[in-house]
Amino acid sequence: MIVTRFAPSPTGELHVGGARTALFAFLFARHNGGKFLLRIEDTDRERYIPESVGHIIAALNWLGLVPDNNDKVVIQSERLEIYKKAANELLNNGHAYICVCSKEKLTADRERQIAEKKPPRYKGHCRELNLKKNDVADEEFVIRMKVPKGGSIAVNDLIHGEIIFDLSLFDDQILIKSDGYPTYHLASVVDDHEMSVTHVIRAEEWLPSTPKHMLLYKMFDWNIPAFAHLPMNLAPDRSKLSKRHGATGVFEYKNLGYLPEALINFIALLGWHPSDDREIFSLSELIKEFSLERVQKSGAIFNIQKLDWLNGEYIKNMSTKDLYGALIDFYKNKPEIISDKNNALKLLEVGRSRMQKLTDFQTLKDSFDIHEYDKNLLIWKESSAEKTLTNLKLTQELLRSLLINEFSQKELEAEIMPLANTNGRGEILWPLRVALSGKNKSPGPFEIMSFIGKEETLRRIEMAIQKLES
Ligand code: GLU
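Quick look at the structure:
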């Protein structure tokens, strides 16, 4: 059975880059009827942020990427004995050794190497000393891997193809640190083996670590999984995507008003493309379509306009009930925005095509509200207060005489445009729109009228007339 995993380090919230890794591992597993597992890699105690474990799990669940071991997530800090045992095995069969070199010595060596323009590496002082654990004090040694002095190792990456690494360039990697915690390399290999992971799908930055991992598998005499390293996410100017380009966290996107379905769709297209030119994919369609062969090698460009567009498409195509539900959830902390259900549903009916994000609901709502305004705003360009008053009265009379009760945009246009064409479009439509909105910019007058209805329309026009007469 195919088994993939997502193995975040809990050093902060889940970023879109991490979400993309999780999504691809999830899709590959689901497409192949396999399993998708979550493992928390919390062995770097200096960078560990406890709350981030809960955040990461919540973000994955919000996106719909629920791991198969959701109720039994693998946590590395709870498995220290397992890594120690594995390291002992390597000590016993000569693939690892105890190193007692002090931090000071290592730093001095490194500085000297840099000064001599040599690559900084461990000089191998303890490599042949064959120290035993009994010989050394606790917390004063590390366990290092005995990397062969020469030769090479070929990584056959499912995305990048074959890459040959020269082993002489590798350091004797630390496997167990002096605090007793394993390094990423040891823990990752031991866990991938124990969790029966068949496909390691992760970010490209880990590609240079892969030969070290392969060596470890060989030293343990374990089966080596397949590897797929995903392309980097880049900003539109092709620089590395970072905070300065905008939001990075999955929950930041949630708070900005993006829907999880749209975010998933967007993230899927970061480095993967379907067999045709479709752009809208639900999670289940992605599961059906996904394959690693269609993941590109080169960096994936993160284009926020595309996310906005996709989100708008999802908003357009959702049922009103679902959209209303999403808004209730979104405005949990400001329920007054959405509490008038009838009004909200009406707003969505007329305005949802203009919404790209859930936050646009508030803008939409505002656009139909009347604001306090200065009466001079009613006057079109070079026109006068008198002319504006006459025209508003004409419009008011016309509207009052209409026998239609349901103000539809079409009917209103049919009734008012002849008057506007005779007296001037600006002369008629501008004061009407300002009377209805109180704003410099707003939806068009027909749209507002059909939204607020006849009674409120006449009330707002009357208010404008009184302003001009005062
Ligand atoms: N803990 C690593 C990270 O957060 C995961 C690397 C891997 O998937 O092997 O990027």
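Going by my numbering, the first residue of the sequence shown is number 847, and it counts up by one from there. Heads up, the beta-carbon is just placed ideally off N, CA and C, and yes, glycines get one too. These numbers were taken from a predicted model, which means no experiment stands behind them.
Backbone CA spacing between residue i and residue j [nearest angstrom]
i: A1172; j: Q1202; result: 13 angstroms
i: E1301; j: I1294; result: 12 angstroms
i: G1007; j: D1018; result: 26 angstroms
i: H1119; j: N1157; result: 18 angstroms
i: R885; j: N934; result: 23 angstroms
i: I1110; j: A853; result: 19 angstroms
i: R990; j: Y1104; result: 46 angstroms
i: I960; j: R1200; result: 59 angstroms
i: I1126; j: S1185; result: 31 angstroms
i: F1325; j: I1183; result: Examination of residue 1325 is not possible in this model, given that the chain is present from 847 through 1316 alone.
i: N915; j: M1060; result: 26 angstroms
i: S1230; j: T1209; result: 31 angstroms
i: S1085; j: F1214; result: 42 angstroms
i: P1181; j: I1047; result: 41 angstroms
i: Q1142; j: K1152; result: 19 angstroms
i: E1051; j: K1285; result: 52 angstroms
i: W1226; j: E1315; result: 17 angstroms
i: V919; j: E1139; result: 29 angstroms
i: A1281; j: K1211; result: 17 angstroms
i: S898; j: G858; result: 5 angstroms
i: L1245; j: P1106; result: 44 angstroms
i: L926; j: A932; result: 10 angstroms
i: K1023; j: S1034; result: 15 angstroms
i: L1194; j: F1207; result: 8 angstroms
i: R1198; j: A1266; result: 28 angstroms
i: K1239; j: I1311; result: 7 angstroms
i: K1192; j: D1037; result: 54 angstroms
i: N1079; j: S1254; result: 47 angstroms
i: L873; j: I1133; result: 5 angstroms
i: G871; j: I1307; result: The amino acid occupying residue 871 in the given sequence is Ala; Gly does not appear at that position. Computed Cα separation, rounded: 59 angstroms.
i: K995; j: T1029; result: 21 angstroms
i: N878; j: A983; result: 49 angstroms
Cβ-heavy atom distance, residue i to the ligand GLU, below 7 angstroms
i: Y1030; result: yes
i: V1280; result: no
i: A853; result: yes
i: R1048; result: yes
i: E887; result: yes
i: S1034; result: yes
i: W1276; result: no
i: W1052; result: yes
Residues bridged to residue i [DSSP beta-bridge criterion]
i: A1074; result: I1047
i: R851; result: L883
i: A1000; result: I1010
i: H861; result: G1095
i: K1086; result: L1080
i: A1146; result: N1079
i: V1141; result: W1118
i: V1035; result: V1035 pairs with nothing; no bridge assigned.
i: I921; result: I886
i: A1181; result: Note that residue 1181 is Pro in the sequence shown, not Ala. In the DSSP output, where bridge partners are listed per residue, P1181 has none listed.
i: P1028; result: I1022
Limits of the beta strand (DSSP E) - the one that residue i falls within
i: I944; result: A942 to C945
i: V988; result: V988 to M991
i: L1021; result: I1020 to I1022
Start and end residues, alpha helix (DSSP H) containing residue i
i: K1211; result: D1206 to F1214
i: K1300; result: P1291 to E1315
i: A983; result: Segment: none, A983 is in no alpha helix (DSSP H) and carries neither H nor E.
i: P1106; result: P1106 to A1114
i: K930; result: L926 to N938
i: M1065; result: T1056 to F1066
i: D1123; result: First-last for D1123: undefined, no H or E at that position.
i: P1264; result: Q1255 to N1269
i: W908; result: E897 to L909
i: E950; result: K949 to A961
i: V1196; result: K1187 to G1197
i: D1168; result: T1166 to F1176
i: N1237; result: A1231 to S1247
i: K1134; result: L1129 to E1135
CB contact check: residue i to chain C, cutoff 8 angstroms
i: I999; result: As a matter of chain content, chain C is missing from the structure shown, which is built from one protein chain.
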